[in-house]
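To start, the structure under review is shown below, and the notes come after it.
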Amino acid sequence: MWIQALRRSLILCLMLAIVSVIAFLLPYMTGGDPARTILFSRMRDTALDPHAVEALRVSLGLDRPLYVQYFTWLWNAVRGDLGFSFTSSQPVAAELIHALGVSITLALTALAIAVIVALPLGTLAAMRPGGRLDNFTTLMIQTFVATPEYWFAPMSALVFALYLGWLPSAGWDSWRSLVLPALTLTLRPLAYFTQVTRAAMTDVLRAPYITAARSRGLGMHGTVMRHGIRNGSLPVVTFFALWLAGLLGGSVVVEVIFAIPGMGRLLYDAVINRDIPMLQGGFVCIVALSILINTLADALYVLINPAMRGNHDH
Amino acid sequence: MAVALYNQRKRPSALSGVVGFIRRRHWTFFVGSTIFLVILALLLIAPWISPYDPAQQGLRFRLKPPSALHWLGTDHLGRDLLSRVLIGGRFTVTIAAVTVVLSVVIGTFIGIISGRSRGLIDEVLMRTVDLLISIPDVVIAIFLVAIFGPGYGTLIASLTIVGWTPFARLARGLTLSINSQEYIRAAEVLGCTRRFIIFRHVIPNTIRPIAAVAFLRFGHKLITVGGLSFLGLGVQPPAADWALMLADAQAYAERMPILVIAPGLAIFLSALSVTWIGHGLNIDTKKSSGH
């Protein structure tokens, strides 16, 4: 198991290195000279003074060989220095951390709602396959998966903010402004969690130990509570991690609609303003976090699933 | 000799195969296909049946409610909403379809390689899948748009970079499980050639699960392409596009809710119909085993 873990982390490090090279090369890939791009994004003027371009190039160290620049950039990035945003002139790292806090709050709220609904619903659906509740659940999953968030969000804002006036339609100040975005974001994970729970539960209920528990005289509900839930909710752990990583930055549409200062919004603004340090930092940050979250989830999966310990083939 | 014996068993004709396939389908498959074909047909013939030119502005007719002249009313520039809804899915459906086809081809190819080679190649490929599958495609799209600017190529590339991963996982799993099936053993023992086994047993057994996932992903891609257009990173403004129409309608939602309802419903129905096709392909109503 340790060799497995070591091999895995080596491959992950290699990938992180590749990602960092891609992020580092971003200003070179946008076409042309980074110094000119930077000056352009500051001045909004195509006729640049060649002396100013040269001076900036020297001051940023852009005249040094590429690999020296890369390692300098990487060393700074590892120490938490990702440079300064072109637009706000604030340190990129500080802005990222702030936005990350907002996005994590939003994502965890949405995922918590999803889990709270999905686990019981998926379990009940699996207990009577083909029953009325099961059919309803399947239809609900399909509807939620097919609902675009940029449709649900304005519709729900129309009803709950404009017509009823219960909740704010945009902004980020109190728990009330969390409700609509979280509800919008929860639809798809809720659908997938329910589907996964239902599938896992269906398998678990066919397992020999369930028959054994039933034949010892334990009732259906007792069996499901004692043996089913624990085993049937295992895959949800993996999916929870996948979605948590996916929603950091992946919630850009919702963050833009509801004017939430999160990670997705930050990246979106960075693209619109061609804010390269912010894009580099955001990209590396999101990829690194998703690697971290998924690795932790794998470890957690092994911890809570006794059957996985010592199983080398997974 | 062995192959000849094997083939003497009455082989089902192509027609009876199709009939059997259709009889085993769930109702969602038929409803989904019908809705989706109607949507495709409407998008194709839209230029001939739409009552107005979707780009024609008429500032005197801004934000008019539905009437006999404009069945769904007009938008903030006085353009006919019905005409725009009829034509507005062309871009999204095309991009999503191209992306899914590319993803299926690349993913299946990589999955089969991974499943056959095992060892280090398998490990590296599957870890790549693990990594990519957790990065939201919107983030990759944003990054690529920042580099290359918006356009067909950028959108297709950014969605395919992540899009192939589910197919690779699926194809790898199928390759591993089919290879260990009894009927493959049986065919090998009977002396069937490798090519015969692949074409007669492996491919027919992988098509349906892969097609099912392809339709499910197609629905997801429709929504993602729309999301990028909504953010202004996909279709560019003069064109009529469902998601763009939704973005434009934000400011007028309170006065004219239909501006939000109509294009959103169009995306929703397209995505739901292909999801139903995928779901209908996924379950086998005549067999108890399900997947």
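One line per chain: the protein sequences are A and B, in this order.
Mapped onto the numbering used here, the consecutive letters of the first sequence carry residue numbers 198 to 511.
Mapped onto the numbering used here, the consecutive letters of the second sequence carry residue numbers 90 to 380.
The C-beta atom is built at its ideal place from N, Cα and C for all residues, glycine as well.
- Distance check between L445/A and each of I229/B, P298/B, A360/B and V278/B places I229/B closest, using alpha-carbon atoms only.
- Taking the beta carbon of V213/B as reference, the chain A residues within 8 Å of it are I208, listed in sequence order.
- Of the candidates A220/A, L439/A, R462/A and L497/A, the residue whose Cα lies closest to the Cα of L305/A is L439/A.
- Scanning chain B for C-beta atoms nearer than 7 Å to the C-beta of N491/A yields D219 and S223, reported in chain order.
- Looking at the DSSP output, P288/A sits in a beta bridge with F281/A.
- Boundaries cannot be given for P225/B, as no alpha helix (DSSP H) includes it and DSSP labels it neither H nor E.
- Minimum Cα-Cα distance from M398/A among the listed residues L364/A, S366/A and A315/A corresponds to A315/A.
- Taking the beta carbon of F307/B as reference, no residue of chain A falls within 8 Å; the closest one sits roughly 11 Å away.
- Annotation: Cβ neighbours of L361/B in chain A (cutoff 8 Å, chain order): Q339, T340 and A343.
- For L320/B, the closest of G461/A, T435/A and F437/A by C-alpha to C-alpha distance is G461/A.
- For R297/B, the enclosing alpha helix (DSSP H) starts and ends at I292 to F319.
- Partner residues in the beta bridge of T163/B, as assigned by DSSP, are D169/B.
- The three-state reading of DSSP puts E343/B in coil, since its state is none of H, G, I, E or B.
- Scanning the segment 369 to 442 of chain A for uninterrupted alpha helix (DSSP H) segments of 4 residues or longer gives 373 to 402, 405 to 412, 417 to 420 and 426 to 429, listed from N- to C-terminal end.
- One finds nothing in chain A with a Cβ atom closer than 7 Å to the Cβ of G242/B; even the nearest lies about 14 Å away.
- For the pair S487/A and S223/B, the CB atoms are nearer than the 7 Å cut-off.
- Close CB contacts of L308/A within its chain, under the 8 Å cut and outside five residues either way in sequence, are with T383, P386, F437, W440, L441 and L444 (chain order).
- Within chain B, the residues whose beta carbon sits less than 8 Å from that of M212/A are R216, T217 and L220, listed in sequence order.
- Here E251/A has no same chain residue with a Cβ atom under 7 Å from its own Cβ, once five neighbours each way along the sequence are excluded.
- Under the Cβ criterion of 7 Å, M324/A is not counted among the residues facing chain B.
- In the three-state scheme derived from DSSP, where H, G and I count as helix and E and B as strand, F110/B is classed as helix.
- Taken atom to atom, the span from the alpha-carbon of L211/A to that of N491/A is near 16 Å.
- The beta carbon of A235/B falls within 7 Å of a beta carbon belonging to chain A, placing the residue at that interface.
- When T163/B, R112/B and L311/B are compared, the shortest CA-CA separation from D142/B is found for T163/B.
- For F357/B, the nearest beta carbon of chain A is closer than 7 Å to its own beta carbon.
- Within chain A, the residues placing a beta-carbon under 8 Å from that of H368/B are T335 and Q339, ordered along the chain.
- Chain B places no beta carbon closer than 7 Å to that of S353/A, leaving this residue out of the contacts.
- In the structure shown, the three-state DSSP call for D331/A is helix.
- Residue environment analysis places F304/B among the buried positions, since at least 16 neighbouring C-beta atoms fall within 10 angstroms of its C-beta.
- Taking all protein chains in view, the Cβ of H248/A is surrounded by fewer than 16 other Cβ atoms within 10 Å, so the residue is classified as exposed.
- Taking a Cβ-Cβ threshold of 9 Å, the residues of chain A close to G316/B are P345, E346, Y347, V449 and V450, in chain order.
- Under the three-state reduction of DSSP, C281/B is assigned to coil, being neither helix nor strand.
- In this structure the segment 274 to 289 of chain B does not touch the segment 195 to 203 of chain B; the number of beta carbon pairs closer than 8 Å is below three.
- V468/A and G238/B have their alpha carbons spaced roughly 10 Å apart.
- For the set M334/B, G323/B and A338/B, the Cα lying nearest the Cα of L244/B is the one of G323/B.
- Closer than 9 Å at the C-beta level to chain A, one finds these residues of the segment 340 to 351 of chain B: A342, E343, P346, V349 and I350.
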